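Student:
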Amino acid sequence: MDSHVYAVIVGIDQYKSGDIWNLEACVDDAKSMKRWLVDDLGVPKHQIAMLLNERATKQNIEVTLNTHLMNNSRIQKGDAHVEGPHDWLLEKNSHCNVEVLCTYDHDTKGPEGRIAGISARAMHTFIHDLAKLKGNNITLMLDSCFTSPPPRSRERSCIRWTSTSKAAAEDLYHGQHFCPRLQKRNESFYSRHWTTHTIITACKSGATAFEGKEGGKLTSAFLETMRTAPLHDTAFSDLMEEIRERMGEAQSLHCSGIHPDRLFNAIPFIQDHSYIPLQFHSHKGVRIELGSSHGIEKGRELSLHAHNHVGSRNPAIASFIVQQVNPTWCLGRIKSSSFLPNHCWARVSHSPGAGLSYHGLRKAFRALLHSATLHKLAQPVSQSVSILAIKSSKSELIETAEAILASKPLLAPLMK
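In UniProt numbering, the protein residues as written are 1 to 416.
In structure tokens, the structure reads:
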């Protein structure tokens with residue numbers, strides 16, 4: 001994964017106010033999203049800011065949004081209602097309810113009054129400024145809702161919503177993010193007219209968002225879809241439809257704003273170099289640029305895949321059987337029960353000992369010793385001693401030999 005993805009993840013189960021109903025799976029959802037970004041997409045950990053429970057105060061969230069996104073020089077350009085203040089809308093005597101995201105300290109005392117979370121207007125004002133400075137490749141994902149459940153609902157404990165009992169209308173203007181007064185419209189997280197970002201919410205306006213043992217319905221369905229789809233080649237609209245199907249009829253996601261062609265407006269999926277392209281020759285057959293110097297032996301079977309991108313689902317579609325081996329390349333036949341695409345890749349396993357013979361170990365370490373001597377990286381070592389070491393502790397050297405073969409392709413000429 002290229003270093004163009006930055007994320008701020010917030011998960012709150014335990015709230016400071018005793019009047020707010022605590023949740024159970026928001027923190028786990030946040031951790032799952034971070035694992036997906038790091039493990040599947042390869043996003044560096046330092047490019048992800050995560051705030052959980054007591055760390056997710058309004059001030060901390062606003063500061064993190066500023067420092068991690070807005071004022072980050074590495075980024076280049078390219079749950080609840082609060083009654084609106086009298087000057088919230090330009091039209092006089094207009095009353096409205098304002099959608100807010102509940103921070104850890106929502107509805108508790110703050111330095112300027114009560115803390116009223118982060119309103120949709122304040123959030124969208126921040127995103128507008130962020131897009132103006134960094135570009136509009138921004139996705140806001142909310143696994144929560146802004147509609148109260150039915151009175152005495154048995155499902156209350158698993159609905160991601162809370163009421164606001166103490167924060168006043170004027171408290172909406174307090175905070176580090178600027179929140180303008182006297183606007184024409186009451187901004188909503190469900191608005192469709194945004195041109196600065198893509199927004200994905202857990203349900204449609206007027207509906208409720210649920211969580212269970214597996215987490216929030218949106219987060220669970222999202223991660224299941226991301227891990228089973230070829231993300232590099234799947235349209236954003238198709239991904240959203242797949243998520244809707246996984247969530248079921250009881251709850252349907254809402255997506256508005258910019259509709260990109262690909263996830264997060266085209267993640268730069270980088271190539272995985274453990275996948276080697278196949279070369280189809282009409283006379284010679286199928287060739288791969290791997291040979292005996294890489295530990296390939298006659299009869300070895302390699303899995304074939306439809307692409308070579310990191311972070312995108314890539315199951316085996318066939319296999320390649322090695323029939324003829326040369327020092328740096330090999331020929332073989334394809335074992336498949338279905339039609340193969342014009343381009344496919346063989347995956348090279350780097351598991352300890354895979355494809356390495358005793359003879360291959362000796363050649364690998366001879367190359368290492370030779371290279372070390374040539375470049376003066378180590379003291380001269382007797383070859384007889386090195387071969388004796390290989391004979392006596394082969395099992396302990398397999399992993400090292402694999403590393404040599406995988407990361408030292410320039411040693412291949414020395415392995416003859």
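Don't be surprised by glycine CBs; every beta carbon is placed ideally from N, CA and C. In this text the structure is predicted, and so the values were computed from the model without any measurement.
List the endpoints of the continuous alpha helix (DSSP H) containing M240.
Tutor: Counting from 1 along the sequence shown, the entry for residue 240 is found at position 240. Unbroken alpha helix (DSSP H) run through M240: F236 to M247.
Student: For the pair the region 126 to 140 and the region 59 to 71, tell me if three or more CB-CB distances fall below 8 Å.
Tutor: Touching, yes, given that three or more Cβ pairs across the two stretches are closer than 8 Å.
Student: State yes or no: is the C-beta of I9 within less than 7 Å of the C-beta of M33?
Tutor: Position 9 of the sequence shown, counted from the first residue, corresponds to residue 9. Position 33 of the sequence shown, counted from the first residue, corresponds to residue 33. Taking 7 Å as the Cβ cut-off, I9 and M33 qualify as a contacting pair.
Student: Pull up the CB-CB distance for T195 and H259, whole angstroms please, since I reckon it's below 8 Å.
Tutor: As a position in the sequence shown, residue 195 is number 195, starting the count at 1. As a position in the sequence shown, residue 259 is number 259, starting the count at 1. No, T195 and H259 are not in contact; Cβ-Cβ is about 11 Å, not under 8 Å.
Student: Tell me whether P111 is buried or exposed, calling it buried when 16 or more other Cβ atoms sit within 10 Å of its Cβ.
Tutor: By one-based count along the sequence shown, residue 111 stands at place 111. Classification of P111: exposed, given that the 10 Å Cβ count is below 16.
Student: Bridge partners for Q203 per DSSP, in chain order?
Tutor: Indexing the sequence shown from 1 puts residue 203 at position 203. The amino acid occupying residue 203 in the given sequence is Cys; Gln does not appear at that position. DSSP output for C203 lists no bridge partner at all.
Student: Taking the beta carbon of T108 as the centre, do at least 16 other beta carbons fall within 10 Å, making it buried, or is it exposed?
Tutor: Translated into the one-based positions of the sequence shown, residue 108 becomes position 108. Per the 10 Å Cβ criterion, buried.
Student: Report the start-end ranges of each beta strand (DSSP E) in the region 257 to 298 that is 3 residues or longer and not cut off at the edges.
Tutor: Counting only runs of 3 or more, we get 275 to 277, 279 to 281 and 285 to 288.
Student: Alpha carbon to alpha carbon, how far is E187 from K16?
Tutor: By one-based count along the sequence shown, residue 187 stands at place 187. By one-based count along the sequence shown, residue 16 stands at place 16. Near 27 Å, if we compare the C-alpha coordinates of K16 and E187.
Student: Just to check my reading of the structure: H309 and Q279 have Cβ atoms closer than 8 Å, yes? What is that Cβ distance to the nearest angstrom?
Tutor: Within the sequence shown, the letter at position 309 stands for residue 309. Within the sequence shown, the letter at position 279 stands for residue 279. Not quite, the Cβ-Cβ distance comes to about 20 Å (not below 8 Å), so this is no contact.
Student: Helix, strand or coil: which one does DSSP assign to H232?
Tutor: Taking the sequence shown and counting its residues from 1, one reaches residue 232 at position 232. Note: H232 maps to helix in three-state DSSP.
Student: Is the region 281 to 294 touching the region 310 to 329, taking contact as three or more C-beta pairs under 8 Å?
Tutor: The region 281 to 294 is in contact with the region 310 to 329.
Student: For K335, which three-state DSSP category applies?
Tutor: Here residue 335 is taken as the residue at index 335 of the sequence shown, counted from 1. Residue state, collapsed to three classes: strand.
Student: Thinking just about the alpha-carbon of each residue, which of K204, M50 and L182 is nearest to the one in H86?
Tutor: To locate residue 86, count along the sequence shown from 1; it is residue 86. Among K204, M50 and L182, the Cα nearest to that of H86 is on L182.
Student: Exposed or buried, which one is D261 when buried takes at least 16 other CB atoms within 10 Å?
Tutor: On the sequence shown, residue 261 is found 261 positions in, with the first residue counted as 1. Classification for D261: exposed.
Student: I'd like the list of long-range same chain contacts for A389, defined as Cβ closer than 7 Å, with 5 residues on each side in sequence excluded.
Tutor: As a working note, residue 389 is residue 389 in the sequence shown. For A389, the predicted structure reports a pLDDT of 42, less than 50, and the residue's modelled location is therefore unreliable. A value from the coordinates is still provided. For A389, where only same-chain residues beyond five positions count, there are no Cβ hits under 7 Å.
Student: Counting only the same chain and skipping the five closest in sequence on each side, list residues whose C-beta sits under 6 Å from that of E214.
Tutor: Position 214 of the sequence shown, counting from 1, holds the residue named residue 214. Excluding positions up to five away in sequence, the list reads S220.
Student: The beta strand (DSSP E) spanning M50 covers which residue range?
Tutor: Here residue 50 corresponds to residue number 50 of the sequence shown, with the count starting at 1. Start and end: I48 to L52.
Student: With R114 and K45 assumed to form a contact (beta carbons below 8 Å), what rounded beta-carbon distance in angstroms separates them?
Tutor: The residue given as residue 114 occupies position 114 in the sequence shown. The residue given as residue 45 occupies position 45 in the sequence shown. Rounded, the Cβ-Cβ distance is 35 Å, inconsistent with contact.
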